[in-house]
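Student: Below is the structure I would like to discuss, written out as structure tokens.
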Amino acid sequence: VARPVHLETPAGMPVLAALPFRGVAARCLRRVKEDGETLLARPLGAALAEAAALVLADHPEALTVPVPTGTAAFRRRGYRVPELLMRRAGLATVRMLTQTRRTADQRELDILQRRQNVAGSMRARHARAARDVVLFDDVVTTGATLDEGARALTAAGFRVCGAVALAATPKRTESRETHHE
143 VARPVHLETP
153 AGMPVLAALP
163 FRGVAARCLR
173 RVKEDGETLL
183 ARPLGAALAE
193 AAALVLADHP
203 EALTVPVPTG
213 TAAFRRRGYR
223 VPELLMRRAG
233 LATVRMLTQT
243 RRTADQRELD
253 ILQRRQNVAG
263 SMRARHARAA
273 RDVVLFDDVV
283 TTGATLDEGA
293 RALTAAGFRV
303 CGAVALAATP
313 KRTESRETHH
323 E
């Protein structure tokens, strides 16, 4: 069951995370990402579906675009975590973004370092016509990756309406969490 967390990226883009990244949710997502336990993507996908439905209700025609997975992570896992979660949520994955260069692992970087790390690292296919887009990621920490994806999509002629993530790290959720029973 989703416990939606509303937040904004540094550039002010609204993000809805299905869950806070702690406890069982964090352990399950780590097992999907680090141990290849993809069966856990099904219940995580159900929570993502709930959050996505809230955002997509306001943007029913929006393309659902995952942030790209780095080549090394894809080779290591054999799957792209945001796309796996989106499929388990019953969402189409529209690959509009590609990485233009390798970026460092962001886990140990602060907000400024994360922003610098991903700056200019994505490119989007050009829009034939302006379309609404909702970005998807597995975990939002600072929002730098989502902002870079939004920058690339906007430059290509898309309108980014917001983002959905499975989870938001505790640093991002303190005093912003909203519970819906």
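Mapping of the sequence shown onto the working numbering: position 109 corresponds to residue 251, and the numbering continues sequentially without gaps.
All C-beta atoms in this analysis are idealised placements derived from N, C-alpha and C, irrespective of residue type, glycine included.
Treat the numbers as computed from the prediction; the structure is a model and nothing was measured.
So what's Gly187 in DSSP terms, helix, strand or just coil?
Tutor: Within the sequence shown, the letter at position 45 stands for residue 187. Note: Gly187 maps to helix in three-state DSSP.
Student: Looking at the unbroken alpha helix (DSSP H) that takes in Asp289, where does it start and where does it end?
Tutor: For the purposes of this step, residue 289 is taken as the residue at position 147 of the sequence shown. Looking at the DSSP string, the run of the alpha helix (DSSP H) that includes Asp289 is 286-297.
Student: Roughly how many whole angstroms lie between the Cα atoms of Ala194 and Thr235?
Tutor: Looking up residue 194 in the sequence shown gives position 52. Looking up residue 235 in the sequence shown gives position 93. Approximately 13 angstroms, taken between the alpha carbons.
Student: What did DSSP end up calling Ala307 once you bin it into helix, strand or coil?
Tutor: For the purposes of this step, residue 307 is identified with residue 165 of the sequence shown, where counting begins at 1. Residue state, collapsed to three classes: strand.
Student: Tell me which residue opens and which closes the beta strand (DSSP E) that Phe216 is part of.
Tutor: Taking the first residue of the sequence shown as position 1, residue 216 is located at position 74. Unbroken run through Phe216 is the alpha helix (DSSP H), 213-219; no beta strand (DSSP E).
Student: Do Gly187 and Met326 come within 9 angstroms of each other at the CB atom, strictly closer than that value?
Tutor: One cannot answer for residue 326 here, as it falls past the ends of the chain, which runs 143 to 323.
Student: What would DSSP say about Gly236, mapped onto helix, strand or coil?
Tutor: Locating residue 236 in the sequence shown gives position 94, counting from the first residue. The sequence shown places Val at residue 236, rather than the Gly named in the question. Looking at Val236 - three-state DSSP - the assignment turns out to be coil, as it is neither helix nor strand.
Student: Only counting the same chain, and skipping five residues up and downstream in sequence, which positions put a Cβ closer than 8 angstroms to that of Leu196?
Tutor: Against the sequence shown, residue 196 aligns to sequence position 54. Excluding sequence neighbours, Leu196 sits near Pro146, Leu158.
Student: Which value, in whole angstroms, describes the spacing of the CA atoms of Phe300 and Ala191?
Tutor: As a position in the sequence shown, residue 300 is number 158, starting the count at 1. As a position in the sequence shown, residue 191 is number 49, starting the count at 1. So the alpha carbons of these two residues sit roughly 23 angstroms apart.
Student: Using a threshold of 9 angstroms, state whether the C-beta atoms of Ala307 and Val275 are closer than that.
Tutor: Position 165 of the sequence shown, counted from the first residue, corresponds to residue 307. Position 133 of the sequence shown, counted from the first residue, corresponds to residue 275. In this structure, Val275 does not lie closer than 9 angstroms to Ala307 by Cβ.
Student: Rounded to the nearest angstrom, what separates Asp177 and Val143 at their Cα positions?
Tutor: Reading the sequence shown from its first residue, position 35 is the one you call residue 177. Reading the sequence shown from its first residue, position 1 is the one you call residue 143. Approximately 23 angstroms between the Cα atoms of the pair.
Student: If you draw a straight line from the C-alpha of Thr287 to the C-alpha of Pro185, how long is it?
Tutor: Counting from 1 along the sequence shown, the entry for residue 287 is found at position 145. Counting from 1 along the sequence shown, the entry for residue 185 is found at position 43. Roughly 25 angstroms separates the two Cα atoms.
Student: Give every residue of the same chain whose Cβ lies closer than 6 angstroms to the Cβ of Leu161, excluding the five residues on either side of it in the sequence, and list them in chain order.
Tutor: As a first step, residue 161 is located in the sequence shown; it is residue number 19 there, counting from the start. For Leu161, where only same-chain residues beyond five positions count, the Cβ hits under 6 angstroms are Arg145, Ala167, Ala189, Ala309.
Student: Could you check which residue in Ala298, Ala271, Pro224, Leu277 has the C-alpha nearest to that of Arg265?
Tutor: In the sequence shown, counting from the first residue as 1, residue 265 sits at position 123. Of Ala298, Ala271, Pro224, Leu277, the residue nearest in Cα terms is Ala298.
Student: Terminal residues of the continuous beta strand (DSSP E) containing Ala160?
Tutor: Here residue 160 refers to the residue found at position 18 of the sequence shown. Unbroken beta strand (DSSP E) run through Ala160: 156-162.
Student: Helix, strand or coil: which one does DSSP assign to Val207?
Tutor: For this step, residue 207 is matched to residue 65 along the sequence shown. Val207 falls in the strand class under three-state DSSP.
Student: Please check the pair Ala272 and Met155, which I expect to be a contact at CB under 8 angstroms, by giving their CB distance rounded to whole angstroms.
Tutor: Here residue 272 refers to the residue found at position 130 when the sequence shown is read from its first residue. Here residue 155 refers to the residue found at position 13 when the sequence shown is read from its first residue. The pair is not a contact, with the Cβ atoms about 17 angstroms apart (cut-off 8 angstroms).
Student: Who are the near neighbours of Leu277 in its chain, counting only those whose CB is closer than 6 angstroms to its CB and skipping five residues on each side?
Tutor: Locating residue 277 in the sequence shown gives position 135, counting from the first residue. Counting only Cβ-Cβ distances below 6 angstroms, and skipping sequence neighbours, we find Val207, Leu288, Gly291, Ala305.
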